[in-house]
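Residue numbers (mature numbering (1 follows the signal peptide of the UniProt record, and there is no 0)): -23 to -1, 1 to 884. Note that the Cβ used here is the ideal one computed from N, Cα and C, for glycine as well. Let me begin by presenting the structure, written as structure tokens, before commenting on it.
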């Protein structure tokens, strides 16, 4: 009996001792309702058992799940991978979250969720504090109900496809600390209601299409530390109220249309570390009082504005400054004649393309990399300035590539200064003859010169006539071959090198030393070799600062042309987000030249379409359709820029999967730019090439004809689209002769009237739902239009880009009252532009459903004055019937009325 009592007491004390542990284990067990909701979420999103094991308890065994008292409070599926079945139909299927009433954080960044953010997000998730949907491929507009989430502290929606305007009720999120809506396609103005977000610490609206002025009320956000409004279309001046952002650390207003001077009230921003105002229209001098107070400033970028006057002396003694870029302005004056008392290494100075003058002084010793090109400095380069220097186009002594004596003398004389021309080439010549002798000599010279010119012109005219008749004869025999061919003479590989190029090296990144590149690539080890290209070998490298790059090594002993200079000139004159970023160059070796590009983690399309991966459920990973369409859209945007936003149009000439490079988010950057040239008007050499002064290339298309027209790019892009749709690797890199049989079997399976035919050629890994299957079908139809055998009947790249933005419009009817197609908002619609003339080709039996043309679109699309020719046959060659000659000015001939369309459909 005593023993029994002792055991009862022992059990009682044991219970008291371990009671907290029992309670803790109970709190880690999820409630039945939350567990059921999570299982539903797991099923709808196709999450793997590796992260969310179905037999385990979510609160204790599921990755990314946090609970409190058995209720789910946090869900983090960032970067998760779906199961094989889940990849087949990715959607924004998160309705199960409505049952998780205690949810405070939902993070799905970098997890594919194509779809719109549902309206109930702001109605059913009242306790939500963090919503992170970065890089989820969501689209549509921001639901107004998000303004009801009063507890929200972090809203991250960047890197998606969101559209529309920013809702004003975002100003109701009074607890918000982080608002990131960057890299979308928002339009309209920045809502003034954002000034009520008093707790805001980060505001990033960069890389959208926002316009109008910056709301002055943003200057009242006293807790704001990071403000980025770059890459928009904002106008007006910088509000003086920005001086109230006393906590601001990082300010970026670059690439807008801001104007006016810098407000002096910005001197209150004593915590500011980075100020970036590049590529605006800001004017005026740099206020001394402003820089006197910005003692914490580390990065200052005022590039490509219209600032004038001199740089304040206080500017040179700012203690923490590491990057100074004031290039491309109208700044002038002399460098301070003193040495730097600051022992700071690694600082960078870019003051190129201004009007600085005078001698180089020891103040420059503060900087380890200096670009002063495009100024008027005189004298010698001091010995203490050793490496990483650029002084092109100055007035320096005994230095190559300087301004002429006349230019330098004129500049200094205009300022009342004497220019010391020692070391510069002086103008020399024979003694001038007496006036009478000079007059007789001039008359004789004029007669001789006129005779020579007249005879030469006659001979040249005869040669041109002979070449013209030979060309016409050759065209009549080759014009029906199709392929990527464009008429024009084929130049040999021994074509003359280009004339002297005009390269602005100040815009080409860093001038590397050869030793730096050797260290970055382990002496160009074969282990670092990525591939051998026709314009040079590509190596992977890591710079001393840890930045990964790709280095192209051009061996001039085997590559007998100036392609590297052509590419450098291209980069110095053309800039776009869809072009591979150039980091720098190294031209110091006589036989080898090097171009350094930004490293893009996903390589090129040819290596990313299918990848071998180590995973539990599959050994070969295929890009899903959403990503493939994103890649196609990005490549079309880049080519559209070259074709339509450059004057004259530029032709890529090497469009294939290996030249479509992909960053970590599968954003496209066009590479292989060594063959880019200005489009020729009719396949003949043209003075339009003087834009880049590029040589005619010996590279040929599949039919052995010239490739320097935009329609050749369109044809090659059509093969890229086919590669994305069919999954057949190498299509875009193969000549037509090699894949002719495959094309003959594939193209008949693409019809705008029969979607089911396409299943015969569809990539088996694209098992998609009905909507996505229609997108694949539409892209295949666009690809077929690009591969029209007649160059004049291929669509323009800008209309291809428009079609890929909303591919369903290509194949879906929009019923109006008349029962026919409804005209779109862009006149005669890109649908008609894509297929109006293609359906008339004798080589294609596919026709469009009947469509009514708007009055605005009855004459189809007109030729742009800066667009140039789009290939052979578009100027009304013999292949056109006489009934179409009235449309000779149209890029794509269209039937003149509905009866013509119906007649074509019945044929």
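{"Asked": "With a threshold of 6 Å on Cβ separation, who are the neighbours of residue 514 within its own chain once the five nearest residues in sequence on each side are excluded?", "Found": "530"}
{"Asked": "Which runs of the alpha helix (DSSP H) at least 4 residues long sit entirely within the region 559 to 587? Give them in chain order.", "Found": "582 to 585"}
{"Asked": "In this structure, does DSSP put residue 526 in helix, strand or coil?", "Found": "strand"}
{"Asked": "What does DSSP give as the partner residue(s) for residue 517 in the beta ladder?", "Found": "527"}
{"Asked": "For the putative contact between residue 125 and residue 99, defined by C-beta atoms under 8 Å, what is the C-beta separation to the nearest angstrom?", "Found": "4 Å"}
{"Asked": "Which partner residues of residue 898 appear in the DSSP bridge assignment?", "Found": "Given a span of -23 to 884 for the chain in the structure shown, any question on residue 898 remains unanswerable."}
{"Asked": "Closer than 8 Å is the cut-off here; do at least three beta carbon pairs connect the region 38 to 56 with the region 8 to 22?", "Found": "yes"}
{"Asked": "Can you grab the Cα-Cα spacing for the pair residue 347 / residue 203, in whole Å?", "Found": "28 Å"}
{"Asked": "Kindly indicate which three-state DSSP category residue 82 falls into: helix, strand or coil?", "Found": "strand"}
{"Asked": "Would the region 532 to 543 count as touching the region 569 to 583 if we require 3 or more Cβ pairs under 8 Å?", "Found": "yes"}
{"Asked": "With DSSP as the reference, label residue 755 as helix, strand or coil.", "Found": "helix"}
{"Asked": "Quick one: Cα of residue 694 to Cα of residue 773, how far?", "Found": "11 Å"}
{"Asked": "Evaluate residue 606 with the Cβ neighbour count: other Cβ atoms within 10 Å of its Cβ, from every protein chain shown; 16 or more gives buried, anything less gives exposed.", "Found": "buried"}
{"Asked": "Would you mind reading off the limits of the alpha helix (DSSP H) that contains residue 268?", "Found": "265 to 270"}
{"Asked": "In terms of residue numbering, what span does the alpha helix (DSSP H) encompassing residue 181 cover?", "Found": "First-last for residue 181: 179 to 181, but that is the beta strand (DSSP E), not the alpha helix (DSSP H)."}
{"Asked": "Residue 167 lies in the beta strand (DSSP E); which residues open and close that run?", "Found": "Element bounds for residue 167: n/a, residue is neither H nor E."}
{"Asked": "Whole angstroms is fine: what's the gap from residue 566's alpha carbon to residue 491's?", "Found": "8 Å"}
{"Asked": "Could you tell me the alpha carbon to alpha carbon distance between residue 259 and residue 236, rounded to whole angstroms?", "Found": "4 Å"}
{"Asked": "Rounding to the nearest angstrom, what Cα-Cα distance links residue 206 and residue 169 in this structure?", "Found": "14 Å"}
{"Asked": "Apart from the five residues on each side of it in sequence, which residues of its chain come closer than 6 Å, Cβ to Cβ, to residue 301?", "Found": "277, 326"}
{"Asked": "Give me, in chain order, the residues of the same chain whose beta-carbon lies closer than 8 Å to that of residue 266; leave out the 5 immediate sequence neighbours on both sides.", "Found": "241, 244"}
{"Asked": "By DSSP, does residue 604 sit in helix, in strand, or in coil?", "Found": "helix"}
{"Asked": "Mark residue 215 as exposed unless 16 or more other C-beta atoms lie within 10 angstroms of its C-beta, in which case mark it buried.", "Found": "buried"}
{"Asked": "When you compare the region 692 to 710 with the region 752 to 763, are there three or more beta-carbon pairs, one atom per stretch, that lie closer than 8 Å?", "Found": "yes"}
{"Asked": "What are the start and end residues of the beta strand (DSSP E) that includes residue 703?", "Found": "Element bounds for residue 703: not the beta strand (DSSP E) but the alpha helix (DSSP H), 687 to 703."}
{"Asked": "Using only alpha-carbon positions, find the residue among 345, 646, 213 that is nearest to residue 489.", "Found": "345"}
{"Asked": "Compute the beta-carbon to beta-carbon distance between residue 556 and residue 485, rounded to the nearest angstrom, for a pair I have assumed lies under 8 Å.", "Found": "With 8 Å as the limit, residue 556 and residue 485 do not qualify as a contact, their Cβ atoms being about 13 Å apart."}
{"Asked": "Going by Cα to Cα distance, which pick from 108, 135, 425, 97 is closest to residue 120?", "Found": "97"}
{"Asked": "Could you check where the beta strand (DSSP E) with residue 132 kicks off and where it finishes?", "Found": "131 to 133"}
{"Asked": "When the distance is taken between beta carbons, is residue 87 closer than 8 Å to residue 59?", "Found": "no"}
{"Asked": "Hey, out of 34, 133, 136, 118, whose CA is closest to residue 145's CA?", "Found": "118"}
{"Asked": "Under the three-state reduction of DSSP, which class applies to residue 332: helix, strand or coil?", "Found": "strand"}
{"Asked": "Residue 630 and residue 576 look like a contact to me (Cβ under 8 Å); what is the Cβ gap, rounded to whole Å?", "Found": "That belief does not hold up - the Cβ atoms of residue 630 and residue 576 are roughly 25 Å apart, past 8 Å."}
{"Asked": "Alpha carbon to alpha carbon, what distance is there between residue 66 and residue 636?", "Found": "29 Å"}
{"Asked": "Could you check whether residue 131 and residue 163 sit closer than 8 Å to each other, using their CB atoms as the reference points?", "Found": "no"}
{"Asked": "Can you tell me which of 238, 334, 602, 122 puts its alpha carbon nearest to the alpha carbon of residue 704?", "Found": "602"}
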